[in-house]
Amino acid sequence: YRSLHIISSKWNMQYSDFPMPEDFPDYGHHSDVLRYFESYIDHFELRQHITFNTEVVKIAPAANRKWDVTLSTGETRRYDAVVIANGHHWQPQIPDFPGNFNGQTLHSHHYKTADRFENKRVLIVGIGNSACDIAIDLCRIAKSVHLSTRRSAHIVPKYLLGRPTDQWTHPLLERFLPIPLRRQAFRLLTFLTVGNQERYGLPRPKQKMMQEHPTLNQEFLAYVGHGRVKIKPNIRKLQGDFVEFEDNTSEPFDAIIYGTGYQISFPFFDPGLIDVTGNRVHLYRKVIHPDLPNLYFLGLIQPLGAIMPLAEQQSKWIAGLLSGSIYLPPIPVMKKSIEADRRKLEKRYVNSPRHTIQVDFWSYFQEIEREFRKYRRK
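Counted from 1, the sequence shown has number 81 at position 72 by this note's numbering; the numbering is strictly sequential.
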């Protein structure tokens, strides 16, 4: 959407071999990030290796552990290895509430500007980063803005005590403190900056701080406190022009915008090749499928922090595996590790489809680093 700004500061999202320009703001507009990526491509002369305006319609295993890739042009190419980097923010997840709604509905994925909602009564479902950004966008033009949330959320400002938030968390908190102390320190920093969010009118979250992907927003609590964004509980049912909530209240709306996350999907694979039941993908270190040689997944993570440095770390590991300088552990070891990671994830984070690929930034970075050291060929 047009107003989108990143939620990780430039110092923590840049690639190690190509620093972001000094004239970039702390939190850039999406156009700044695009300019950075374009500059990266041109600096390393990557453009000649990219096939533009072409869709991958099918990827299938071939003989001798190779892969056939079929393009929208009808051409099929055979590769020694394939890296899947399509991400997880492209197939919207929309909840199925009882009843029917007469007004306009869309997912935040398809939201661009607030113009079409001028003088409209809008309900936003969800309290993630996009949902809160859109709520603020709409407050300036819509007739009314309500936001429905099941669990509420810890709203973390982008600046804590005058510094970008991730300059506190990376590396100060995450590197040196265990999770319980990290939560306490982060909660204290947030409280010293914004106080008790219940005083603004936002319910206390049901989950602990850092038990979910945080919602970073510098303005949202103020708009709630001003009454411009009215908070409602979960939806019970849709009733034509009205929406009934679990607190037994009903409100009329002209539009509903679902900021309810995404489904993990790989439409270019045959059904059954990759199990994504429950929005889970069973990968070793979030990259390797033990039963599918020479297939790698890049960026299929949701870190507490920026994804780019972790994707870079994954890329280095994949490059080492492809070159033969690094090898993988035996398949039973990988599967045992995948199951252990699943149990740890369920204990660490809220049990929801949104958190199935969640990782702690520094812990995950070190996990990949250990793969380099432990399985390097001598």
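For every residue, glycine included, the Cβ atom is placed at its ideal position computed from N, Cα and C.
- For residue 260, DSSP records a beta bridge to 252.
- The Cβ neighbour count for residue 17, taken over all protein chains shown within 10 Å, is at least 16; the residue is labelled buried.
- The C-beta distance from residue 261 to residue 251 rounds to 5 Å, short enough to meet the 8 Å contact threshold.
- Boundaries of the beta strand (DSSP E) harbouring residue 69: 65-70, taken from the DSSP string.
- The C-alpha of residue 113 is placed about 31 Å away from the C-alpha of residue 37.
- Between the region 89-97 and the region 297-308, the count of Cβ pairs shorter than 8 Å is three or higher; the stretches touch.
- Taking residue 33 as the centre and dropping the five residues before and after it, the same chain places the C-beta of 19, 41 and 45 closer than 8 Å to its C-beta, in chain order.
- Residue environment: residue 126 is assigned as buried (16 or more neighbouring CB atoms within 10 Å of its CB, all protein chains considered).
- DSSP places residue 322 inside the alpha helix (DSSP H), whose first and last residues are 317-332.
- For residue 26, the three-state secondary structure derived from DSSP is coil.
- In the three-state scheme derived from DSSP, where H, G and I count as helix and E and B as strand, residue 337 is classed as coil.
- Between the region 127-145 and the region 156-164, the count of C-beta pairs closer than 8 Å reaches three or more; the two stretches touch.
- Membership of residue 305 in the beta strand (DSSP E) is indicated by the continuous run 304-306.
- The shortest CA-to-CA distance from residue 385 to any of 347, 337, 364 and 161 is the one to 337.
- If only uninterrupted beta strand (DSSP E) runs of at least 3 residues are considered, those enclosed by the region 126-157 are 130-134 and 153-157.
- Residue 116: member of the beta strand (DSSP E) spanning 113-116, first to last residue.
- In this structure, the CA atom of residue 284 is about 8 Å from the CA atom of residue 291.
- According to the DSSP assignment, residue 61 belongs to no alpha helix (DSSP H), since it is labelled neither H nor E.
- In the DSSP assignment, residue 108 falls within the beta strand (DSSP E) that extends over 108-110.
- Taking C-beta atoms under 8 Å as the contact rule, residue 361 and residue 268 fail to qualify, at a distance of about 14 Å.
- Per the C-alpha coordinates, the member of 84, 52, 319 and 48 positioned closest to residue 60 is 84.
- Around the C-beta of residue 169, 16 or more other C-beta atoms lie within 10 Å, and the residue is accordingly described as buried.
- Fewer than three pairs of CB atoms, one per stretch, sit closer than 8 Å, so the region 141-154 makes no contact with the region 196-214.
- Shown here, residue 192 sits in a helix according to DSSP, grouped into three states.
- The residue from 81, 249, 172 and 78 with its alpha-carbon nearest to that of residue 106 is 249.
- Straight-line spacing of the CA atoms in residue 86 and residue 163 works out to 47 Å.
- In the three-state reduction of the DSSP assignment, residue 369 falls in the strand class.
- Pairing residue 179 with residue 21 gives a Cβ-Cβ distance under 7 Å.
- For residue 203 against residue 186, the beta-carbon gap comes to about 21 Å, at or over 8 Å, which does not count as contact.
- Secondary-structure assignment with DSSP links residue 309 through no beta bridge to anything.
- Residue 44: member of the alpha helix (DSSP H) spanning 39-52, first to last residue.
- For residue 88, the enclosing beta strand (DSSP E) stretches over residues 85-88.
- Non-local C-beta neighbours of residue 122 in its own chain, meaning closer than 6 Å and more than five positions away in sequence, comprise 11, ordered along the chain.
- DSSP places residue 175 in the helix class (H, G or I) of the three-state scheme.
- Just so you know, the alpha carbons of residue 271 and residue 101 end up roughly 4 Å apart.
- When secondary structure is reduced to three states using DSSP, residue 387 falls in the coil class, being assigned neither helix nor strand.
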